[in-house]
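Take the sequence shown: its letter number 220 is residue 221 in our numbering, and every next letter is one higher. Right, one structure below, let's go through it.
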Amino acid sequence: MATKFKTLDDAELAGKRVLVRVDLNVPMKDGKVTDATRIERVLPTIREIADKGGRVILLAHFGRPKGQAVPEMSLKPIVPALSEKLGRPVGFAEDCVGPVADGIVANMKDGDILLLENTRFHKEEEKNETGFVSKLAALGDVYVNDAFSAAHRAHATTEGLAHHMPSYAGRTMQAELEALEKGLGSPERPVVAVVGGAKVSTKIDLLSNLVKKVDALVIGGGMANTFLAAKGVNVGKSLCEHDLADTARQIMKNAEEAGCAIVLPLDAVVAAEFKAGADSDIVAVDAVPSEKMILDVGPKTVAAVNEWIDKAKTLVWNGPLGAFEIQPFDKATMSAARHAAERTKEGALVTVAGGGDTVSALNQAGVAGDFTYVSTAGGAFLEWMEGKALPGVEVLKA
Ligand SMILES: Nc1ncnc2c1ncn2[C@@H]1O[C@H](COP(=O)(O)OP(=O)(O)O)[C@@H](O)[C@H]1O
Ligand SMILES: O=C(OP(=O)(O)O)[C@H](O)COP(=O)(O)O
């Protein structure tokens, strides 16, 4: 994919109010950031703009508050982590539009850095609504998008704003596209994709095309439950989108036609509650008790996944195989991550992984540095892999 867009090298930044879209949708626990990779990746862009005399106004989302101001999804707790990593003060505005934001932005000085509250607190953000885009646009002179991981969304702050002012790719946006092109532009086969995690409804559709691009698709995490249920397996109380059974069946059909192997769990780690240290059992996937939920894939599945990793020359991975944040449901993800890292270190495999939680899992396994490339993006990375145009990237090329 050609990356013909303007970068910070082309931008006039001194004295300008620069609206910078970043992805601060980072894993958090008890109000603290548990994986700062996404924050670290946007630091170069923020520093460069501030050092060139721009006034940095950061736009970002957190979670999926569905247009409501949900306090647990405020970006305020991110400010200390961002400020500490930057080594500079970061201001905060309690709303991304309206008098609060207008007042704080009006008082900014060259080189100042300000984070605006979660843009998804306004339903107009995801609708890319013109009036909302205009209100945001009034806060800035220049737009920079450094959120590759949100570039698959045609939202006000990822797409709409670029129509209103001179627009540029940030350094991370640039680096992500270059690295993906380098690592996966013409991948050595067999290509094995591992897809897991919890965002089933927003990621399942892209699997229809992905199966045409890869030789095997290993499905784990919450995503696997929807496929198992579509095959008539009782998944008990597991995270599962039963209404997507037809979609899952169509993907399996597409895979068969394309000669792509679909690898589903053989066994599972089940528990009655989603809680650290919960009593758990290993069962065959066709023996999940109705009152329990699948929270990880079992050891037989891990062995099968690792065999596919051995067969692969290229591995792409988004979404953990289980609820890795809580023990003992981290085992499969840790094992597969370490196995893929070993194969990469041996020079036998190119490994490209991405996604907020996936990166966190790789860090937890201590192997992020051993992968060929770790992207901040999950869904956006898979859509790129699928060959789809990403609205947040396309608009920068326009
Ligand atoms: N079987 C499962 N049941 C419930 N949640 C799961 C299961 N497997 C994985 N998850 C959850 O999936 C989440 C990550 O999914 P997702 O957001 O799609 O990944 P990423 O952020 O890497 O793109 C993790 O919080 C993990 O706990
Ligand atoms: O975390 C993100 O994506 P990912 O889970 O696919 O890595 C991005 O911040 C996009 O979030 P969204 O999937 O709610 O639009």
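No residue lacks a Cβ here, since even glycine has one placed at the ideal position from N, Cα and C.
For the structure I just gave you, are there three or more beta carbon pairs, one from the stretch 212-220 and one from the stretch 170-185, closer than 8 Å? Output reads no: the stretch 170-185 does not touch the stretch 212-220.
Under 8 Å: does the beta carbon of residue 358 sit that close to some heavy atom of ligand 2? Indeed, a heavy atom of ligand 2 lies less than 8 Å from the Cβ.
May I ask you to list the residues that DSSP assigns as paired with residue 25? DSSP lists no beta-bridge partner residue for residue 25.
Measuring only from the beta carbon, is residue 190 closer than 8 Å to any heavy atom that is part of ligand 2? No.
Which residues does DSSP pair with residue 449 in a beta bridge? Residue 449 lies beyond the range of the chain shown here (2 to 399); nothing can be said about it.
Candidates 165, 261, 344, of which the one nearest residue 209 by Cα: Per the Cα distances, 261.
Sequence-distant residues of the same chain with beta carbon closer than 6 Å to residue 2, five excluded per side: Confidence at residue 2 is low in this model, with a pLDDT of 45, below 50, so its placement is unreliable and no value can be given for it.
Could you give the uninterrupted runs of the beta strand (DSSP E) lying entirely in the stretch 141-182, keeping only those of 3 residues or more? You should have 143-146, 168-170.
What number of angstroms, rounded off, separates the C-alpha of residue 49 from the C-alpha of residue 105? Distance between residue 49 and residue 105, taken at the CA atoms: about 22 Å.
Is residue 10 near residue 57, with beta carbons less than 9 Å apart? In this structure, residue 10 sits away from residue 57, with a CB-CB distance that is not shorter than 9 Å.
Beta-carbon proximity of residue 344 to residue 352, cut-off 9 Å: Remark: C-beta atoms of residue 344 and residue 352 approach each other more closely than 9 Å.
Looking at the secondary structure, which residues open and close the beta strand (DSSP E) in which residue 138 lies? Unbroken run through residue 138 is the alpha helix (DSSP H), 131-138; no beta strand (DSSP E).
For residue 42 and residue 87, I'd like the C-alpha separation in whole angstroms. Rounded to the nearest angstrom, the two C-alpha atoms are 11 Å apart.
Just to confirm the assignment: which complete alpha helix (DSSP H) runs, minimum length 4, are found wholly within the stretch 280-352? The DSSP assignment places complete alpha helix (DSSP H) segments of no fewer than 4 residues inside the stretch 280-352 at 300-312, 332-346, in order along the chain.
Starting from the C-beta of residue 242, find all residues in its chain whose C-beta is less than 8 Å away, skip the five residues before and the five after it, and write them out in chain order. If we look at residue 242 and ignore the five residues flanking it on each side, its Cβ neighbours are 201, 202, 205, 227.
On a CA-only basis, which of 385, 222, 143, 399 is nearest residue 150? Give me that one, please. It is 385.
Label residue 235 either buried or exposed according to how many other C-beta atoms from any shown protein chain fall within 10 Å of its C-beta, with 16 as the threshold for buried. Exposed, since its Cβ has fewer than 16 Cβ neighbours within 10 Å.
Integer-rounded CB distance, given that residue 169 should sit under 8 Å from residue 8: So it is a contact: roughly 6 Å between Cβ atoms.
Check residue 37 in the structure and name its three-state DSSP category. Coil, per DSSP.
Looking at ligand 2, does it come within less than 8 Å of residue 62, judged from the CB to the closest heavy atom? It does: the Cβ of residue 62 is within 8 Å (strictly closer) of some heavy atom of ligand 2.
Express the C-alpha separation of residue 380 and residue 181 in angstroms, rounding to a whole number. CA-to-CA, the gap between residue 181 and residue 380 works out to about 14 Å.
From the DSSP output, which residues share a beta bridge with residue 376? Answer is 355.
Residue 24 beta carbon near ligand 2 (any heavy atom closer than 8 Å): Under cutoff, so the answer is yes.
Per DSSP, what kind of secondary structure is residue 192 in: helix, strand or coil? In the structure shown, residue 192 sits in a strand (DSSP, three-state: E or B).
Measuring straight from C-alpha to C-alpha, what distance separates residue 81 and residue 24? One Cα belongs to residue 81, the other to residue 24, and the distance between them is close to 16 Å.
What does DSSP give as the partner residues of residue 203 in its beta bridges? According to DSSP, residue 203 bridges with nothing at all.
Following a CB-centred definition, is residue 150 positioned closer than 8 Å to any heavy atom of ligand 2? With a cut-off of 8 Å, the C-beta of residue 150 is classified as near ligand 2, since at least one heavy atom of the ligand falls inside that distance.
Three-state secondary structure assigned by DSSP to residue 2: Since pLDDT at residue 2 reaches only 45, below the 50 mark, its modelled position is unreliable, and the value read off the structure follows with that caveat. In the three-state reduction of the DSSP assignment, residue 2 falls in the coil class.
Taking buried to mean at least 16 other C-beta atoms within 10 Å of its own C-beta, is residue 39 buried or exposed? Under this definition residue 39 is a buried residue.
Distance, residue 110 Cα to residue 387 Cα: Rounded to the nearest angstrom, the two C-alpha atoms are 43 Å apart.
When the Cα atoms are used, what is the spatial distance from residue 219 to residue 298? Looking at the two C-alpha atoms, the distance is approximately 12 Å.
Indicate whether residue 237 and residue 290 have their beta-carbon atoms separated by less than 9 Å. The answer is yes: Cβ separation under 9 Å.
Contact between the stretch 190-197 and the stretch 315-328 is defined here as three or more beta-carbon pairs at a separation below 8 Å; is this criterion met? Yes, the stretch 190-197 touches the stretch 315-328.
DSSP state of residue 215 mapped onto helix, strand, coil: Coil at residue 215, not helix or strand.
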